[in-house]
Every structure is written in C-alpha cells, then in structure tokens.
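Step one of this worksheet: look at the structure below.
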Amino acid sequence: MKNMARNYFWWPGLDKDIEHMAKGCSGCMHSQQNPQLSPLHPWIFPDSPWYRVHIDYAGPFMGHMFLIVIDAHSKWAEVVPQDSSTSSKTIDILLTIFTRFGLTKQIVSDNAPNFTSDEFKNFVRSNAIKHITSAPYHPATNGIAERFVQIFKNAMKSAKKDCGSLHTKLSKFLLAYRNSQHHTTGESPARLVLGRSTRTRLDCLRPSLLEKVTQSQSDQVRHHSQARACVFNTGDNVLTRNYRAADRWAHGTITARNGPLSYSIQTSPGIVWRRHADQIVHTQPGVTDPDHTQPGATDPDLILPISLPKDTTRSQSAEPNPVTVPPPAPTVASTSASPSNLGTQLRHSGRITKPPVKLNL
Numbered sequence: 005m006k007n008m009a010r011n012y013f014w015w016p017g018l019d020k021d022i023e024h025m026a027k028g029c030s031g032c033m034h035s036q037q038n039p040q041l042s043p044l045h046p047w048i049f050p051d052s053p054w055y056r057v058h059i060d061y062a063g064p065f066m067g068h069m070f071l072i073v074i075d076a077h078s079k080w081a082e083v084v085p086q087d088s089s090t091s092s093k094t095i096d097i098l099l100t101i102f103t104r105f106g107l108t109k110q111i112v113s114d115n116a117p118n119f120t121s122d123e124f125k126n127f128v129r130s131n132a133i134k135h136i137t138s139a140p141y142h143p144a145t146n147g148i149a150e151r152f153v154q155i156f157k158n159a160m161k162s163a164k165k166d167c168g169s170l171h172t173k174l175s176k177f178l179l180a181y182r183n184s185q186h187h188t189t190g191e192s193p194a195r196l197v198l199g200r201s202t203r204t205r206l207d208c209l210r211p212s213l214l215e216k217v218t219q220s221q222s223d224q225v226r227h228h229s230q231a232r233a234c235v236f237n238t239g240d241n242v243l244t245r246n247y248r249a250a251d252r253w254a255h256g257t258i259t260a261r262n263g264p265l266s267y268s269i270q271t272s273p274g275i276v277w278r279r280h281a282d283q284i285v286h287t288q289p290g291v292t293d294p295d296h297t298q299p300g301a302t303d304p305d306l307i308l309p310i311s312l313p314k315d316t317t318r319s320q321s322a323e324p325n326p327v328t329v330p331p332p333a334p335t336v337a338s339t340s341a342s343p344s345n346l347g348t349q350l351r352h353s354g355r356i357t358k359p360p361v362k363l364n365l
C-alpha cells in the first residue's frame, strides 16, 4: 500500500499516515491473525509435594473419561478412568487421592462445568483449598496437565495391541512413568514423593544389597574360621599382648572366659587383664618368662655354694687333721721371650655389667 501511494503522490509523513489509517480500519482489525505470543511466565515451583495439583479430563478416549491429576512438585501422576465426568464423581476421586497423600493447598483447572459448579466450589472451600482456573480457551495456562494428557494418550495408543485389560495397561504405564526421571526435576516422581524408586521387574537384574552383604559376611566368617580356632581353657598358660611396657608379650594364666572370644588373664598376683582371643597365643610346655627364670648354671655371674656330704662315722668333736699345703714354687721370669709372647695381648674391660631393672607389671 505504501509503495502504490508513492507512485501517485507524496507528502512528509506519508508512511506514518498510511499506518495510522490501516490500524483504524474495522475490517482489517477483525481479520488479522493472533498477536505475538506473550513472554513465558512459568508457575512458581512449590517446595513440597502435593502443595499444588493440576487436574484435567482426557476423553472421551477408549470409551472412558480419564481424570488426570498431576503434582506440580514431583510430577507424580494419577489417572482414574470413569464413565462420567460430573462434579460428584470428580469430588469422589479427589477424596480418594487426598486420602493417600493428604489435602493439597491449590488446585489448577480449566473452566469446564464440572470444575466451576457450585458443588465443586463448596468442596474446595470446605477443605481450605485455593481453586485457580485458567483463562477460557487458553490451555497453556494449565500446561502441566495438558502435556500429560498427550503423553498418556500416546502411551495408551502404543499399547493397544498388548495383552491385558485397560486397567492393566494403565497400571503398567503409570509404574513406568513414576519411575522415569523427569527432564524438569532430574528425579523420578516416585523418589520425590516416596523417597525411593518403586520396585520393578528391571530391578531383578541388579543383585540384592542384602544378599550381597550377607554373602560377604559369610565368606569372612568362613575364611577366619579356617585360619585359626581361638579356644582357650581355664588354667592354660598363655602369652598375651602387653601394651604397658616395652615387652610385646607377657606370660599369664587363663582365669575366666568372659565371652565367645574374650578372656581374663592373670599376669601376676593381683593383676588380671582382659584380652581378645586374637591377642592371646598358647605357650609350649617348658617355656617360662625370661624375666622370672630361676637362677641356674647358665648364669655366669652367680656362684652357688657347694654342700659336702657329712661323715657320720667320725665324731663331731674330733678335730680335722691339719693339711700341709706346700708353698708355691717361685716363678722365674724367662729372659728369652717366645715368639708367641711378642704379639699384642688382649685385655678385657674391668667394667661391671649390670642387668637392667624392668618394671614388672
């Protein structure tokens, strides 16, 4: 229009005048397309499950009307087939769902008659639920429910040739959907609502954690039992771990059995230790504590008195005969040294070595 007008006349501001005249044309305004879409305004994400739910009806589909209930937080879906979509039927289904999960605080729906009737308004008012309706003929306002309606219909159409009734197919679909990770939350609806993923047949492919731990414990017990049988009896002489002195082991005697693997050991008079079987070893017969060995011929620094047998034939009053001991022969030093004496002679140290005094606990 602007180019054609310039071919015949022109004045300053011609383009703006043509635009102003076109905007004021009643016929042009009634035949124009929809305006540009408004900026996206998402719903506020609730901080807990079942704070806000979106509801809608899908159908008639496969001979039924399906009530769709979606939790805005977890994306948990409830689908209930029924023959009619009246307000009373809708209220009965919602009460059944709220019995399992509790009352919600907000309900979002479209302006269908079953959601805007006085009966439904009294129901939400009596349960302190805020009812939010979308703009008429604007399904994007209730986009969560509308999107799930598409997912639900596509899944049921795909399972049309599968075996089973409508309820069986619906149950399989809901089980798979609730355990699938949602692209918005990054978690499955079941984990956000129940705190766990519900069990499916695919879980049979994974080994059970309980069976795995039980088998591991059994293997450990069997391996340990084969390694050593820790059994001690009262009165057994044993070696037990010593944690109070430099000596690693201490001699003792089993005095009591406190438990399956716990024993009381007397290491010295008045001192009893409690030790685990892993801290006790049997001693071989004849093995004694080196700190408590009796003096014997193996001690080079100890001289034992020699007891002579008494002669009973002689009288005790008789005096012993004097024994004449010849004087030692004088030693004459040789002036000529032998070749063996020319070498350096070894001299032993005169230092007296004393054994260490240890704290005997």
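Take the sequence shown: its letter number 248 is residue 252 in my numbering, and every next letter is one higher. For every residue, glycine included, the Cβ atom is placed at its ideal position computed from N, Cα and C.
Annotation for residue 86: the continuous beta strand (DSSP E) segment containing it runs 81 to 86.
For residue 120, the uninterrupted alpha helix (DSSP H) segment begins and ends at 117 to 120.
When only Cα atoms are considered, residue 29 and residue 18 end up about 17 Å apart.
The residue from 276, 13 and 246 with its alpha-carbon nearest to that of residue 257 is 276. The residues 268 and 278, in chain order, have a CB closer than 8 Å to that of residue 262 in the same chain once the five nearest residues on each side in sequence are set aside.
Between residue 197 and residue 54, the C-beta spacing is below 9 Å. Taking residue 97 as the centre and dropping the five residues before and after it, the same chain places the C-beta of 71 and 84 closer than 6 Å to its C-beta, in chain order.
By the Cβ test, the region 72 to 92 is in contact with the region 188 to 203, since at least three Cβ pairs between them sit closer than 8 Å. With contact defined as three or more Cβ pairs closer than 8 Å, the region 239 to 259 and the region 194 to 209 are not in contact. By the beta-carbon neighbour count (other beta carbons within 10 angstroms, threshold 16), residue 132 is exposed.
The continuous beta strand (DSSP E) containing residue 70 extends over residues 68 to 75.
Non-local C-beta neighbours of residue 145 in its own chain, meaning closer than 6 Å and more than five positions away in sequence, comprise 138 and 139, ordered along the chain.
Only buried fits residue 174, as 16 or more other CB atoms lie within 10 angstroms of its CB. In terms of Cβ geometry, residue 115 and residue 94 do not form a close pair [threshold 9 Å].
For residue 60, the enclosing beta strand (DSSP E) covers residues 56 to 65. In this chain, the beta strand (DSSP E) harbouring residue 134 covers 134 to 137.
Counting of Cβ neighbours within 10 angstroms places residue 59 among the buried residues, the total reaching 16 or more.
Boundaries of the alpha helix (DSSP H) harbouring residue 30: 30 to 34, taken from the DSSP string.
In terms of CA proximity to residue 282, 244 leads the group 271, 244 and 237. The alpha-carbon of residue 37 is positioned some 43 Å away from that of residue 171.
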